[in-house]
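What follows is one structure encoded as structure tokens, with my remarks underneath.
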Amino acid sequence: MPGTIGPKKTWEVSFAGMEGLLTSLLNSGVTVYAPVERKDRLGRYLFARLSHPARMAWNYTTTSLPPKKLFAPPEETLFTFETGKGEPLVKEVCPTEPFVLFGVHPCDLAALDRLDAFYADSPAEYRWQAQRSRATVVGLDCTPDEHCFCVDMGTMETRHPADLFLTPLEQGWLVQTYTDKGEEFLNNTPRERARESAIEEAAKRTGEKRKKAAGRLKGSVEQIAAALSRSDEEFWEKYSAACFSCGSCNLVCPTCHCFCMEDRLDVSLSSGSRIRKWDSCQLAGFAKVAGGGDFRPSASSRMRHRWKHKFVYLPRRFGTAFCVGCGRCTRSCPGGVDMVSVANKLLETFGERVE
Ligand code: SF4
Ligand code: SF4
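Take the working numbering: the final residue in the sequence shown is number 442, and no numbers are missing along the way.
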């Protein structure tokens, strides 16, 4: 998972040039998904099909749902089937048209990178890869808010798997291309090779971000993992007391990937479809098995499992934590469970050395 890699080329594009690029993309009929402000809830954003360049939210904080929804939607039909005379007829449903995913922040790029690794691991999930290959991904620099801890999670400067990445400058955009697709994307856009002063301006912006957002976690991922393995039932009972087991923290998380299946049949029972839907390990009954057994019947056992999955089990397989510090779970939790506060309390209670 190459989090930080050097660009192929670095360009400067004017503000007007970038707007022209978006306009000509939309005029060409290409589908563009980008962050837009919700009309029903101002100040909240979501990735939606862009209808006009003016709807693009260049300064959004975060989106309610992460961009993974465009590759593995909350609910999708995998195939339809019909029975009758002869062999049953099964038709796979898998969209194929290309699209542009515009304006993805570094933490969400890091999350896509982790999901790419997860779904490629044997046995590989070919649907994810098929959906990912449809997209040109345009990254966009961000400004962390009080819930972001991307610096501590090492994702603030992630560029992979963006095809190109945009950083705002006083007088336009610094555009770094990372793939041939990213370079082709700029083909008809007026641009200049970036001046040294523009690259320095972007680096200064990154340095300021780092200063503002670093040090929220009081220990490293390894220290959190070690503290987790020492944590006890009493700790998780205390910190899960505010949990309603609503599952929001999973559903908004850019790296969570659990799902369930449902077969929907028509009334004649002769045709139907198989549906895949997001699921949540925080819901009561998630770990229920045939015969009525439940491996994780309490909110505390489910919360501990979620933490261990992100900081212990998946890092063992993929060498990195499956939390990218986006802060969505904290923002969305109706019980006020705060990822950073719980991590720091874990470190304080069970850590060997806390700085
Ligand atoms: S969002 Fe909060 S209340 Fe809901 S399951 Fe997660 S921790 Fe519990
Ligand atoms: S666990 Fe929370 S902070 Fe970490 S990636 Fe998921 S939603 Fe973001």
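Each residue gets a CB set at the ideal place from its N, CA and C atoms; glycine is no exception.
A quick note: this is a predicted structure, and the numbers were derived from the prediction, not measured.
Whole-angstrom C-beta distance between residue j and residue i, which should lie under 8 angstroms
i, j, result
"Met143", "Val123", "7 angstroms"
"Cys237", "Val411", "7 angstroms"
"Leu188", "Val224", "5 angstroms"
"Arg363", "Asp350", "Between Asp350 and Arg363 the Cβ distance is about 11 angstroms, and since that is not below 8 angstroms, they are no contact."
"Arg393", "Cys368", "6 angstroms"
"Thr242", "Pro175", "No, Thr242 and Pro175 are not in contact; Cβ-Cβ is about 46 angstroms, not under 8 angstroms."
"Val339", "Arg391", "Incorrect: roughly 20 angstroms between the Cβ atoms, too far for contact."
"Pro153", "Asp195", "5 angstroms"
"Glu287", "Lys95", "20 angstroms between Cβ atoms; not a contact."
"Ala135", "Val191", "No, Ala135 and Val191 are not in contact; Cβ-Cβ is about 14 angstroms, not under 8 angstroms."
"Cys235", "Ala301", "Contact flag wrong, Cβ pair sits at about 11 angstroms."
"Arg317", "Phe168", "At roughly 50 angstroms, the Cβ-Cβ gap does not stay under 8 angstroms, so Arg317 and Phe168 are not in contact."
"Trp365", "Pro161", "5 angstroms"
"Ala445", "Phe186", "Because the chain in this structure spans residues 88 to 442, residue 445 falls outside the shown range and cannot be described."
"Ser419", "Cys336", "7 angstroms"
"Val180", "Phe158", "That pair is no contact at about 15 angstroms."
"Phe102", "Gly259", "6 angstroms"
Beta strand (DSSP E) segment containing residue i, residue limits
i, result
"Ala135", "132-136"
"Ser358", "358-365"
"Cys347", "346-352"
"Lys178", "176-179"
"Val187", "186-191"
Three-way DSSP call (helix, strand, coil) for residue i in this model
i, result
"Phe331", "coil"
"Thr417", "helix"
"Val441", "In this prediction, Val441 scores a pLDDT of 44, lower than 50, which makes its location untrustworthy; no coordinate-derived value is stated."
"Glu270", "helix"
"Leu370", "coil"
"Tyr326", "helix"
"Thr150", "strand"
"Lys172", "coil"
"Thr242", "coil"
"Asp200", "helix"
"Leu304", "coil"
"Thr118", "strand"
"Glu233", "coil"
"Phe158", "coil"
"Glu321", "helix"
"Ala144", "coil"
"Phe409", "coil"
"Cys340", "coil"
"Ser216", "In the sequence as presented, Ser is not what sits at residue 216; that position holds Gln. It is helical."
"Ser355", "coil"
"Val424", "coil"
"Asn76", "Lying outside 88 to 442, the shown extent of the chain, residue 76 is not represented and no answer is given."
"Asp228", "coil"
"Ala211", "coil"
Cβ neighbour criterion (16 or more within 10 Å) applied to residue i
i, result
"Thr183", "exposed"
"Ala314", "buried"
"Gly173", "exposed"
"Thr110", "exposed"
"Arg282", "exposed"
"Asn114", "exposed"
"Ala197", "buried"
"Tyr213", "exposed"
"His139", "exposed"
"Asp319", "exposed"
"Cys343", "buried"
"Ser327", "buried"
"Gly372", "exposed"
"Leu323", "Checking the sequence, you will find Trp at residue 323 rather than Leu. Classification for Trp323: buried."
"Gln218", "buried"
"Ile311", "buried"
"Glu435", "exposed"
"Pro210", "exposed"
"Arg246", "buried"
"Asn274", "exposed"
"Asp208", "exposed"
"Phe304", "Before going on, a small fix: residue 304 reads as Leu here, not Phe. So Leu304 counts as buried."
"Glu233", "exposed"
"Asp353", "exposed"
"Glu442", "In this prediction, Glu442 scores a pLDDT of 46, lower than 50, which makes its location untrustworthy; no coordinate-derived value is stated."
One or two residues paired with residue i in a DSSP bridge
i, result
"Gln263", "Thr97, Phe252"
"Arg125", "In DSSP, Arg125 forms no bridge with anything."
"Thr164", "Ile362"
"Arg280", "Trp98"
"Val376", "Its beta-bridge partners do not exist; DSSP assigns none."
"Thr223", "Val187"
"Asp381", "Lys375"
Residue i, enclosing alpha helix (DSSP H) - first and last residue
i, result
"Ala314", "308-317"
"Phe102", "102-114"
"Gly294", "283-300"
"Lys395", "386-395"
"Arg404", "401-405"
Contact test: residue i Cβ vs ligand 4 heavy atom, cutoff 7 angstroms
i, result
"Thr342", "This structure lacks ligand 4; its bound ligands are ligand 1 and ligand 2."
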